[in-house]
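Numbering (my numbering), first residue to last: 16 to 273. The beta carbon of each residue, even a glycine, is placed where N, CA and C say it ideally should be. First comes the structure, then the notes that go with it.
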Amino acid sequence: MGVESLIQYVRTSSVRTDIIGSLCPRAKATNELLSAVTASESAIYDALSNLEGRGLVTSMDDGWQLTGTGRLVADTIHRQHRLEELFAVAPQYWESHDTSVLPQPFRCRLPELDEYTVVRGTQTDINRPVREVVTRVESVSSCDVVSPVYHPEYEAAMPDNADSRLVVSCAVIDEILGKESVSLDTNRYEETTVRVTPVPYALAVADDWMILTLPELDGAWPSAKIVSEADSAILWARDLFAHLWEDATPIETYLADR
């Protein structure tokens, strides 16, 4: 039986799922396990026998523990639960926005956004998402920002200091360079380091928050933004920014090659 089949086997029974979850992260004495799982003793013993037969748990003198395979199945089920929790907060957002623009390792880590809110514009306050970004960016001394589109309010709010970094989409720079009536101000930031790379999503991260903007499935650039102040979300955003920053081109080098 393959790993996916084992996961499906466990998840089709709440008793089996609870047993696997209860034994992760540590083994339990039989009496402790019986108290931890909400089911009859006969149902628990029957599930344990079946799980042992499939190599997911093993009995000890005084209890039960996960096998190596059982641990992997438990970890996968835990990730699935967290992903389901992520969707449950704002299902319509995830249905209509393109997560494929994120690198695969970071898509897998999306449940790390943890507690988040989706900030949208309304009929009475259409600029709410923009104001959310500007207010947060203006309130910090430094931050890292990824900008796939040009927005003058964001540019004005961006801190100018050695602790701030900005990644700008190639498309933004190329569009400005292609307009004879507009000149590119390469001295806009005296200290903030600027790099250029193709990027289809927006990101801003500071010590206490992160903001993510994904395009809609039809390619339209949305106003809705994901905002989180969870430590795990901030770490996710910092790692994503570092991943992008590493391969981005310094703006001076990019312009010299145009």
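Beta-bridge partners of Y131, as assigned by DSSP: Your numbering for residue 131 matches position 116 in the sequence shown. S243, per the DSSP bridge assignment.
For V214, name the three-state secondary structure that DSSP assigns. What you label residue 214 is simply residue 199 of the sequence shown in a count that begins at 1. Looking at V214 - three-state DSSP - the assignment turns out to be coil, as it is neither helix nor strand.
From which residue to which residue does the beta strand (DSSP E) around W79 run? Counted from its first residue, the sequence shown places residue 79 at position 64. Start and end: G78 to L81.
Give the DSSP bridge partners of I226, in chain order. Against the sequence shown, residue 226 aligns to sequence position 211. Beta-bridge pairing links I226 to A219 and V242.
L117 to Y24 span [Cα, whole Å]: Working through the sequence shown from its first residue, we reach residue 117 at position 102. Working through the sequence shown from its first residue, we reach residue 24 at position 9. Looking at the two C-alpha atoms, the distance is approximately 31 Å.
Does the pairing of the segment 245-262 with the segment 218-227 give three or more beta-carbon distances under 8 Å? yes
Can we say the segment 48-57 touches the segment 83-102, given the rule of at least three CB pairs closer than 8 Å? no
Proximity of G70 and L48 at Cβ, strictly below 8 Å: For the purposes of this step, residue 70 is identified with residue 55 of the sequence shown, where counting begins at 1. For the purposes of this step, residue 48 is identified with residue 33 of the sequence shown, where counting begins at 1. Not closer than 8 Å, so no.
Rounded C-beta distance between W251 and L128? I'm assuming under 8 Å. One-based indexing of the sequence shown puts residue 251 at position 236. One-based indexing of the sequence shown puts residue 128 at position 113. Confirmed, Cβ separation roughly 7 Å.
Where V197 sits in the DSSP three-state scheme: Counting from one through the sequence shown, the residue named residue 197 turns up at place 182. Low confidence applies here, because V197 scores a pLDDT of 48, under 50, leaving its location unreliable; read the following figure in that light. If DSSP states are grouped into helix, strand and coil, V197 belongs with coil.
DSSP three-state label for E205, please. Residue 205 sits at position 190 when you count from the first residue of the sequence shown. In this structure, E205 counts as coil in the three-state DSSP scheme.
If you draw a straight line from the C-alpha of G234 to the C-alpha of A171, how long is it? In the sequence shown, residue 234 corresponds to position 219, counting from 1. In the sequence shown, residue 171 corresponds to position 156, counting from 1. Distance between the alpha carbons of G234 and A171: 26 Å.
For S29, does the count of other Cβ atoms within 10 angstroms reach 16, so buried, or fall short, so exposed? Stepping through the sequence shown from its first residue, residue 29 is reached at position 14. Exposed, because fewer than 16 other Cβ atoms sit within 10 Å of the Cβ of S29.
R69 (DSSP reduced to helix, strand or coil): Here residue 69 corresponds to residue number 54 of the sequence shown, with the count starting at 1. Three-state result, R69: coil.
Is V214 near V152, with beta carbons less than 8 Å apart? Here residue 214 is taken as the residue at index 199 of the sequence shown, counted from 1. Here residue 152 is taken as the residue at index 137 of the sequence shown, counted from 1. Their beta carbons are not under 8 Å apart, which means V214 does not touch V152 by this criterion.
In its own chain, which residues sit with a C-beta less than 6 Å from the C-beta of P265, not counting the 5 before and 5 after it? To locate residue 265, count along the sequence shown from 1; it is residue 250. These residues qualify, in order along the chain: R210.
Could you name the residues of the same chain whose beta carbon sits closer than 7 Å to that of A248, not counting the 5 residues immediately before and after it, in chain order? Locating residue 248 in the sequence shown gives position 233, counting from the first residue. Only E127, L128, D129, Y131 and M225 meet the Cβ criterion.
Output the distance between the C-alpha atoms of D189 and E99, rounded to the nearest integer angstrom. Here residue 189 corresponds to residue number 174 of the sequence shown, with the count starting at 1. Here residue 99 corresponds to residue number 84 of the sequence shown, with the count starting at 1. For D189 and E99, the distance between alpha carbons rounds to 40 Å.
Distance check for Q80 and A42, CA to CA, integer angstroms please. For the purposes of this step, residue 42 is taken as residue 27 along the sequence shown, with counting starting at 1. For the purposes of this step, residue 80 is taken as residue 65 along the sequence shown, with counting starting at 1. Straight-line Cα distance between these residues: approximately 4 Å.
Given a threshold of 16 other Cβ atoms within 10 Å of its Cβ, counted over all protein chains shown, does P230 qualify as buried or as exposed? Position 215 of the sequence shown, counting from 1, holds the residue named residue 230. Buried, by the Cβ-count rule.
Please tell me whether P174 and S154 are closer than 8 Å, where the distance is taken between their beta carbons. Within the sequence shown, residue 174 is the residue found at index 159, counting from 1. Within the sequence shown, residue 154 is the residue found at index 139, counting from 1. Cβ distance not < 8 Å, so P174 and S154 don't count as in contact.
Within a Cβ cutoff of 7 Å, which residues of the same chain sit near I141, ignoring the five residues on either side of it in sequence? As a working mapping, residue 141 is identified with position 126 in the sequence shown. Here the set comprises nothing.
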